[in-house]
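Asker:
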Amino acid sequence: MAPPSKLSLGIKRASRSHTYHRRGLWAIKAKHGGAFPKAEKPAAAAEPKFYPADDVKPRAPSTRKANPTKLRSSITPGTVLILLAGRFMGKRVVFLKQLKSGLLLITGPFKINGVPIRRVNQAYAIATSTKVDISCVKVDKFDDKYFARDKKTKAKKTEGELFETDKEGTKNLPDFKKDDQKSLDAELIKAIEAVPDLKTYLGARFSLRDGDKPHEMTF
Amino acid sequence: MPFKRFVEIGRVALVNYGKDYGRLVVIVDVVDQNRALIDAPDMVRCQINFKRLSLTDIKIDIKRVPKKTTLIKAMEDADVKNKWENSSWGKKLIVQKRRASLNDFDRFKVMLARIKRGGAIRQELAKLKKAAA
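Chains A and B, in that order, give the protein sequences. For the first sequence, the UniProt record's numbering assigns the number 1 to the initial residue and increments by one for each residue that follows. For the second sequence, the UniProt record's numbering assigns the number 1 to the initial residue and increments by one for each residue that follows.
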């Protein structure tokens, strides 16, 4: 072990001249023409015009990335889901894919149970263990923008028209959406009809009967 | 009425409480008035209170605390598995397990089958009634 560099607190082992030689300070002096290089003082910052009253630390910007909701492992493309709320409560539908907003893209299919191509929140769906083969179904064109509401152009209402509320205009489904539904369901229905009883199963609604214990039922 | 199922070495029992609920075990020794030593092919030999056991009709031929391999061989010779699965008690448990493991689609298919069966029975009954009238 090398000899300790200090004999006691504040007393170094090497003398001032010894350390001068050891550290090579003579070589630095020689390199810079006989004098130590003087570091440049940084330019003094201009006096700020405003000093805040409280010393507050500026908040660092958040590095959190927004991800779509974590999809339950039981929900995979082609899973049959049971909807739990809303207009189609109890209906059994086919899951297609998860959209960027986190919502699930589903379809009835429309011909079987009247559920159109729709978005549904994961929290309002029970995943069953029944799966349908959707490898031949193309779902790339559906995203959250497809389901955005049409912006209503608000015409300025005259005093008389302000109290008329029946001029809202009927909401008709555009034709391209109807065609999308038909083309999406065509392949899907073929896959469904390949499994016996699956079509009637999807057409029926789910309900609890006397004696059913949902916490003990496997779906 | 005399007792028919006795606690004895070689008596096959069903565990009805605890971690091993539903398991078929063999009594290989008696510890004291309340406890027995039980063993099964796929578990570590352990002691259990008699209150946690339901005795079955099946008995196998073993000596007190046999080795695991001896126990397995004795169970196969006595054909415990088949005797259990063909007994009405064993069959009932198998059906219960199957019903609990049905998924939603299976339950739907069972419902369709029950309706179909009921319809067939009612048709036959109607035919018989007509013939008797």
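The C-beta atom is built at its ideal place from N, Cα and C for all residues, glycine as well. These numbers come from a predicted model, not from an experiment.
I want to verify the contact list: residues of chain B whose CB lies under 7 Å from the CB of Tyr201 of chain A, in sequence order.
Answerer: Phe105 and Phe108
Asker: Just checking, does the region 4–17 of chain B make contact with the region 143–154 of chain A on the three C-beta pairs under 8 Å criterion?
Answerer: no
Asker: Using a threshold of 6 Å, is the CB atom of Gly22 of chain B nearer than that to any non-hydrogen atom of the ligand MN?
Answerer: The ligand MN is not part of this structure, which contains no ligands at all.
Asker: Tell me the rounded alpha-carbon separation between Lys177 of chain A and Ala53 of chain A.
Answerer: C-alpha separation (whole angstroms): 59 Å.
Asker: If contacts are defined as beta-carbon pairs under 8 Å, then Ser183 of chain A and Gly90 of chain A qualify, I think. What distance do you get, rounded to the angstrom?
Answerer: Their Cβ separation, rounded to whole angstroms, is 27 Å, which puts Ser183 of chain A and Gly90 of chain A out of contact at 8 Å.
Asker: Would you say Phe219 of chain A lies against chain B (beta-carbon separation less than 7 Å)?
Answerer: yes
Asker: Any beta-carbon of chain B closer than 7 Å to the one on residue 259 of chain A?
Answerer: Only positions 1 to 219 of chain A appear in the structure, and residue 259 of chain A is not among them; the question remains open.
Asker: Within the region 11–83 of chain B, note down every full alpha helix (DSSP H) run reaching 4 residues or more, in order along the chain.
Answerer: 68–77
Asker: By how many angstroms is the C-alpha of Leu96 of chain A removed from the C-alpha of Gly114 of chain A?
Answerer: 16 Å
Asker: Kindly indicate the opening and closing residues of the beta strand (DSSP E) around Ala194 of chain A.
Answerer: Segment: none, Ala194 of chain A is in no beta strand (DSSP E) and carries neither H nor E.
Asker: Just to confirm, is the Cβ distance from Leu104 of chain A to Val120 of chain A under 7 Å?
Answerer: yes
Asker: Taking the straight line between their C-alpha atoms, what separation do you get for His32 of chain A and His21 of chain A?
Answerer: 16 Å
Asker: Is the beta carbon of Ile82 of chain A closer than 7 Å to that of Ile112 of chain A?
Answerer: no
Asker: From the beta carbon of Asp212 of chain A, is the nearest beta carbon of chain B less than 7 Å away?
Answerer: Judged by the 7 Å Cβ criterion, Asp212 of chain A is not in contact with chain B.
Asker: Rounding to the nearest angstrom, what Cα-Cα distance links Ala35 of chain A and Ala44 of chain A in this structure?
Answerer: Using only the alpha carbons, I get a separation of about 25 Å.
Asker: Quick one: residues in its chain with C-beta nearer than 7 Å to the C-beta of Ser5 of chain A, no 5 flanking neighbours on either side, listed in chain order?
Answerer: Lys12 and Arg13
Asker: What in chain A is Cβ-close to Leu93 of chain B, meaning under 9 Å?
Answerer: Near Leu93 of chain B there are no residues of chain A at all, since even the closest Cβ is about 16 Å away, more than 9 Å.
Asker: Exposed or buried, which one is Ile117 of chain A when buried takes at least 16 other CB atoms within 10 Å?
Answerer: buried
Asker: Alpha carbon to alpha carbon, what distance is there between Trp84 of chain B and Ile94 of chain B?
Answerer: Going from the Cα of Ile94 of chain B to the Cα of Trp84 of chain B covers about 10 Å.
Asker: Please list, in chain order, the chain B residues whose beta carbon lies closer than 9 Å to that of Asp197 of chain A.
Answerer: Phe105, Phe108, Lys109 and Leu112
Asker: Can you give me the C-alpha to C-alpha distance between residue 221 of chain A and Asp212 of chain A, rounded to a whole angstrom?
Answerer: In the structure displayed, chain A extends from 1 to 219; residue 221 of chain A sits before or after that span and is not available.
Asker: Under 7 Å, do Leu188 of chain A and Val139 of chain A count as touching if we go by C-beta distance?
Answerer: no
Asker: What does the Cβ neighbour count give for Met75 of chain B, buried or exposed, with the cut at 16 atoms within 10 Å?
Answerer: buried
Asker: Run down chain C in chain order and give the residues with a C-beta less than 9 Å from the C-beta of Ser101 of chain B.
Answerer: The structure shown contains no chain C; its protein chains are A and B.
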